[in-house]
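So the mapping is simple: the working numbering equals the position in the sequence shown, first residue as 1, plus 261. As C-alpha cells, the structure follows; a few thoughts come after it.
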Amino acid sequence: MATTEHPPSRLRGWMLQGLSDMGKRGGLTGPHAEPEPPHRGQPWWRVMCLTGVDYFSTLGYQPGIAALAAGLLSPLATIVLVVVTLAGALPVYRRVAQESPHGQGSIAMLERLLSFWKGKLFVLTLLGFAATDFLITITLSAADASTHLVENPHLTSTLSGHQMLITLILVALLGAVFLKGFLEAMGVAVALVGIYLALNLVVVITGLWHVLTAEHVVTDWTNALIVQHGNIFGMIGVALIVFPKLALGLSGFETGVAVMPHVKGDPGDTEECPAGRIRDTKKLLTTAAVIMSCFLITTSFITTLLIPAAEFKPGGQANGRALAFLAHEYLGNAFGTVYDVSTIAILWFAGASAMAGLLNLMPRYLPRYGMAPHWARAVRPMVIVFILLAFLVTWLFDANVDKQGGAYATGVLVLISSAAIAVTIASRKAGQRGWTIGFGVISAVFLYTTVANVIERPDGVKIGACFIAGIMLVSLLSRLARSFELRVTSVAMDPMAERFVRDMASRKIRFIANEPDNRDRAEYRDKIEQIRTDNDMPEQEDFVFAEVTVADPSEFETCLTVRGEVLHNRYRVLTVESSSIPNALAALLLHVRDLTGRTPHIYFEWTEGNPFANFLRFFLFGQGEVAPVTREILREAEPDRARRPRVHTG
C-alpha cells in the first residue's frame, strides 16, 4: 500500500526556515553555511559602536560592583584594572586581530595548535565558557535594565518588588525579536553608543565639579583611606588583591575581534591578506579601550566619593545603578529619567549582541565537528533553547546583578586568558623572544586573575562546567546520531586513478577494500586469493584495490583526493586519506557509479572481534567494523536499491 508523504506543518517550516534569518545573510559559518555575499563593510568607528553596546554598557553596573568589591579603594583598584586593560588585554587582542583576521578569535588560534580529539574537546571546553560569557551578558544586562526601571523615582512605587518578573519579560522580548528576525542595525548601535557616552560625560563632568567644589569630600576620603589601610603601599597591595573582582570591566575584547569581518579596510584588501582590516581593527580596539579606561577611572572616583557606602549594598538606591543615582541626585529626575532610558536601551542592545554572538559562535565549530543536530542549524530553535537557559539562570541568581558578576567575570577571564596563551605560543613560533616574554607575563596575570576570581566566586566556573558538560553531551550524541551520514564533500581523482576507472567501466567494476600493511607482493596476492575463495569467484575476475589511510579521525567532513598507482608491476591500487574508512569507501563507490554509469562492487572480509568494540573504534578512530558501516552509509546516501553500489563480505 502506497503511503502519502504529508508536507511539514507551517509551524515546523517556520521554526526550521533556512540556516539563519539574522540580517541579510546566513548566521552559520563554516562548511554548512551558504556562501557569504561580498559586502562593502563599515568604517572602523561605526563597527566600534557595534561592539561598544556590549563593552560600554558595563558602565551601567561596573562602578557599583567596584564599590562593593573594593570600598574606598575602588578608584585605585580601577586604576589597576585600567593598567591591565591597556598593557595586557589590548596588546593581546591586537595580536589576535593580526593572527585571526576573519573573526574566528582566540579559540580558532588554539584550535590550530591541537589535533585529533584532544583539540575538539579543548575547543568544546572554551565554547562552554564562551557560552557562559554571552548568556550571562543577556541575563545580567536584563537584570540591570530592570533595576534602572524599578529604581526610577517615577516608577519605583509601581514596579517595586517585581524585578524578577520584569527581567524575565525583558529576556522573553529579546527572544521574540530573534524569533521574528534580527537585523544587524549598525546605525542603531552608533546612535545608542553616542547618546549613552554623551550622557555619561555629562554625569562625569557634573560629578567632578561637585567633588572639586566641595573640598571636604576629597579630604574625608583620603583620611578614611589612611585610617583603614595605613600607607600607600598597603593601599596598592589591597587594590591588587581585590582587582580580580573588578574583571567585568575587561569585557568586550572578544566581541571586538568577532566583528572584524564588518570592518571596511582598504580597497586592496584580500581575504588572504586583509591588511587594512587588521590595521583598522587595531584602531577600533585601542580607541574603545582608551574611552572605556577614561570612563572607568572617572566614574569609580565620583561614585565612591559622592555616594554613601550603604547605597551600594543590596536594597540601596545605587545598587547596580551608581551613575543613574548621581544623574537623578545632581541633575534632576528629568535628566535622570533620560539617562535611565538610554541605559536600558544600551543594556537591551548588549543582550541582543550577546544573543547574536551565541547564534554565530556555536555553528562556527560544531557543524564542522559533526556535533550539532540538524535542527541546530536553524536560528529559531536555538533562540528558544538559549532563552529557556536565560530564564533558568535569571531564576537561579534571583535577577541580581551582584550575584551574576562572578559568573560573567569567569567567562570573560577564561576567554582573555586563552587569548593571552594563544598569542604567547604564536610569538614563540614566530621567534619573537621579546613578545613571547611579554605575552607570557600577561598570561600569568590573567591566569592569576581567573583563579582568584574562581576561588572568590565559584558560581562562574559552576555555570561554565554545566555548559561544558551540556555541550559535550549534546555534541557526542549528535556525532553518534550522524555516524552513518555521508560526510565527504567532494571527490577528486588524479589521472592514473581516472585511467583505472575508465578501464573498468567496460566490464564489471570490482574493488577490494584493503588495509595497507607491508604493501608487498604477497599481501596483494593473498588478498585476491582470499576474496576469490570467500566469494567463490573465477580466476579471470579483475580487481582494483582501494586503500584508505585515516588522518585525523576527529574531523567530520572531508574532501577526498584519490590517487592511482601500480604496485609490483601488476596490482592497481587507489589510495586516499580520510577521517573515516567507511565514509571514504562509500563516497568513492558513489563517485565511480556517477562517473561511469555502472554499479560498482566492493569486497570486504569480516572484522574480527566484538561488534560493539569495533563500532566504538569506528566512532572514535574512523576504522573498525568497516563492511557493515560502509553498507549502511550507502543505504542512507542512496535510497534506491537498484542504483546502490554492492557490498560483499566473506
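By construction, the Cβ of each residue, glycine as well, lies at the ideal position given by its N, Cα and C atoms. Please read all numbers here as calculations on a predicted model, not as lab measurements.
- For residue 455, the secondary structure class from DSSP, reduced to helix, strand or coil, is helix.
- For residue 909, the enclosing beta strand (DSSP E) covers residues 907-910.
- By the criterion of at least three beta-carbon pairs nearer than 8 Å, the region 592-610 is in contact with the region 459-468.
- For residue 715, the enclosing alpha helix (DSSP H) starts and ends at 694-717.
- The alpha helix (DSSP H) runs lying completely inside the region 657-692 and spanning 4 residues or more are 662-690, given in chain order.
- For the 7 Å CB-CB criterion, residue 823 and residue 772 do not form a contact.
- Each residue's CA atom was taken as its position, placing residue 307 and residue 354 some 19 Å apart.
- Secondary structure at residue 768: coil, using DSSP grouped into helix, strand and coil.
- Of all alpha-carbon atoms in 514, 302 and 839, the one lying nearest the alpha-carbon of residue 347 is that of 514.
- Selection 753, 834, 560 and 425 evaluated against residue 585 yields 560 as nearest (Cα-Cα).
- Excluding residues up to 5 positions away in sequence, 461, 556, 560 and 584 lie with their Cβ nearer than 7 Å to the Cβ of residue 320 in the same chain.
- About 5 Å separates the beta carbons of residue 829 and residue 782, which is inside the 8 Å limit, making them a contact pair.
- A straight line joining the alpha-carbon of residue 843 with that of residue 388 spans about 30 Å.
- Ranking 827, 796, 793 and 660 by CA distance to the CA of residue 807 puts 827 first.
- About 5 Å separates the beta carbons of residue 504 and residue 341, which is inside the 8 Å limit, making them a contact pair.
- In the DSSP assignment, residue 825 forms a beta bridge with 835.
- Counting along the chain, residue 808 sits inside no alpha helix (DSSP H); it lies in the beta strand (DSSP E) bounded by residues 805-811.
- In the structure shown, residue 568 falls within a coil segment according to DSSP collapsed to helix, strand and coil.
- With a cutoff of 7 Å on beta-carbon distance, residue 314 and residue 571 are scored as not near each other.
- Boundaries of the beta strand (DSSP E) around residue 753: 749-754.
- When secondary structure is reduced to three states using DSSP, residue 774 falls in the strand class.
- Bounds of the beta strand (DSSP E) holding residue 865 are 862-865.
- The DSSP-derived three-state label of residue 655 is helix.
- A distance below 7 Å between beta-carbons, with the five flanking residues on each side excluded, links residue 706 to the following residues of its chain, in chain order: 345 and 349.
- Looking at 647, 856 and 898, the one whose alpha-carbon comes closest to that of residue 761 is 856.
- Following the DSSP letters along the chain, one finds residue 314 inside the alpha helix (DSSP H) bounded by residues 305-316.
- The beta carbon of residue 538 is closer than 7 Å to those of 362, 521, 524, 526 and 530 in its chain, skipping five residues each way along the sequence.
- For residue 415, there is no enclosing alpha helix (DSSP H), as DSSP marks it with neither H nor E.
- Buried is the label assigned to residue 563, since at least 16 other Cβ atoms lie within 10 Å of its Cβ.
- Rounded to whole angstroms, residue 381 and residue 810 show a C-alpha spacing of 21 Å.
- With 16 or more other Cβ atoms from the protein chains shown falling within 10 Å of its own Cβ, residue 360 counts as buried.
- If you keep only unbroken alpha helix (DSSP H) runs of at least 4 residues inside the region 536-568, you get 536-567.
- Minimum Cα-Cα distance from residue 322 among the listed residues 731, 669 and 367 corresponds to 669.
- In this model, residue 742 and residue 891 are separated by some 16 Å (Cα to Cα).
- Residues of the same chain with a CB within less than 6 Å of the CB of residue 647, apart from the 5 flanking positions on each side, are 619 in chain order.
- Comparing alpha-carbon positions, the option among 904, 897 and 867 lying closest to residue 887 turns out to be 867.
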